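Numbering (my numbering), first residue to last: 3 to 293.
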């Protein structure tokens with residue numbers, strides 16, 4: 003869909019906030035986000051740098067009141083087969099950008115992945131492990147394309163399971179069914195704090211064993227099949243980083259500051275402390291003094 007064609011779509015009570023349209027006209031692809039008129043949004047996170055036609059057609063918006071980043075992605079079913087590694091790299095870069103922007107953000111990623119979530123093959127495990135490494139997970143495990151019975155559309159989120167409900171809704175007029183996700187998130191004041199977060203990789207004996215097991219089971223055939231040394235290095239690093247992400251997923255927690263406010267530490271006590279310190283310094287300098 004072109005930009006001109008998209009501008010003709012009017013949804014009563016909603017308005018278009020972001021979109022991806024292919025430079026060349028086409029009957030498929032692209033992504034768009036419409037938001038209810040009463041919802042406050044901010045476009046302060048630019049994800050267009052990740053966009054790639056057919057592979058990662060992305061748009062996004064930040065819902066200020068609920069601290070939710072909404073992301074929409076489309077991937078072409080033919081191109082994703084031969085560019086799956088590139089697609090995984092894009093997903094990884096996306097989550098890094100998101101949690102660098104705001105570590106405690108809620109993410110809702112709606113996408114036509116063109117990867118069947120009902121078929122548990124290597125692509126399925128690679129994608130889900132990548133989501134899990136950022137604390138996110140799929141919400142739908144039932145067919146979204148009635149004609150084939152495949153679940154190629156999904157909503158990925160890091161919102162806890164007891165905070166949302168998700169289901170597939172028949173559309174009748176499309177070859178894809180719709181996904182409805184409802185969530186109850188606290189208002190922005192809950193998140194709008196000066197609290198700082200540290201991003202880290204928690205490690206335990208169990209995760210270390212899992213990491214070593216992944217290394218043992220790994221085949222380096224793809225690395226040795228590369229004729230160029232630069233490609234070999236890239237292959238090694240990408241494979242190793244992927245294993246690290248699976249075994250030691252990124253996490254975040256609030257940092258503990260030392261300068262927190264003490265309600266009992268009043269101005270009078272602060273002045274008394276200064277007087278005591280001055281007398282103490284005077285005593286250390288001249289010895290015992292009389293009053």
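Glycine residues also receive a C-beta, built at the ideal position from the N, C-alpha and C atoms.
Model, not experiment: these values are computed from the prediction.
Residue 160 to residue 250 span [Cα, whole Å]: Within the chain shown, residue 160 is the residue found at index 158, counting from 1. Within the chain shown, residue 250 is the residue found at index 248, counting from 1. Linking residue 160 to residue 250 through their CA atoms gives a straight-line distance of about 17 Å.
Residue(s) in a DSSP beta bridge with residue 2: Nothing about residue 2 can be reported from this structure: the residues present for the chain run from 3 to 293 only.
Residues that DSSP places opposite residue 152 in a beta bridge: Along the chain shown, one-based indexing puts residue 152 at 150. Note: residue 152 is bridge-paired with 147 in the DSSP secondary-structure output.
Three or more C-beta pairs below 8 Å linking the region 172 to 183 and the region 140 to 148: Touching, per the Cβ criterion.
Beta-carbon proximity list for residue 205, same chain, < 7 Å, skipping 5 on both sides: Taking the first residue of the chain shown as 1, we reach residue 205 at position 203. 250, listed in sequence order.
DSSP three-state assignment for residue 236, whether helix, strand or coil: For this step, residue 236 is matched to residue 234 along the chain shown. Here residue 236 sits in helix by DSSP.
Cβ shell of residue 261 (< 6 Å), same chain only, five flanking positions each side left out: Taking the first residue of the chain shown as position 1, residue 261 is located at position 259. Annotation note: pLDDT 48 at residue 261 (below 50); position unreliable, coordinate value reported separately. Cβ neighbours of residue 261 beyond the five flanking positions: none.
CA nearest to the CA of residue 15, picked from 6, 9, 38: Reading the chain shown from its first residue, position 13 is the one you call residue 15. The candidate whose alpha carbon is nearest that of residue 15 is 38.
Endpoints, the alpha helix (DSSP H) within which residue 9 is located: Taking the chain shown and counting its residues from 1, the one referred to as residue 9 is at position 7. Unbroken alpha helix (DSSP H) run through residue 9: 5 to 9.
From 63, 25, 52, residue whose alpha carbon lies closest to that of residue 18: On the chain shown, residue 18 is found 16 positions in, with the first residue counted as 1. Minimum Cα distance to residue 18 is reached at 63.
Residue 244 (DSSP reduced to helix, strand or coil): In the chain shown, residue 244 corresponds to position 242, counting from 1. Collapsing the DSSP output to three states places residue 244 in a helix.
Helix, strand or coil at residue 170 [DSSP, three-state]: The sequence position of residue 170 within the chain shown is 168, counting from 1. Assignment of residue 170 by DSSP, reduced to helix, strand and coil, places it in the strand class.
Presumed contact (8 Å Cβ cut-off) between residue 79 and residue 116, rounded CB distance: As a position in the chain shown, residue 79 is number 77, starting the count at 1. As a position in the chain shown, residue 116 is number 114, starting the count at 1. Indeed, because the Cβ distance is near 4 Å, the residues count as touching under 8 Å.
Residue range of the beta strand (DSSP E) that includes residue 36: The residue given as residue 36 occupies position 34 in the chain shown. Run containing residue 36: 33 to 38, per the beta strand (DSSP E) assignment.
For residue 2, the first and last residue of its enclosing beta strand (DSSP E): Residue coverage of the chain in this structure runs from 3 to 293, which leaves residue 2 outside it and unanswerable.
Classification of residue 48 by the beta-carbon crowding that lies within 10 angstroms, buried from 16 upward: Taking the chain shown and counting its residues from 1, the one referred to as residue 48 is at position 46. By the 10 Å Cβ count, residue 48 comes out exposed.
Backbone CA spacing between residue 151 and residue 120 [nearest angstrom]: The sequence position of residue 151 within the chain shown is 149, counting from 1. The sequence position of residue 120 within the chain shown is 118, counting from 1. Put simply, the backbone Cα of residue 151 is about 9 Å away from that of residue 120.
Residue 7, buried or exposed, once every other Cβ within 10 Å from all chains shown has been counted against 16: Reading the chain shown from its first residue, position 5 is the one you call residue 7. Exposed is the call here.
Beta strand (DSSP E) runs wholly inside the region 79 to 115, at least 3 long, in chain order: Whole beta strand (DSSP E) segments, 3+ residues: 108 to 114.
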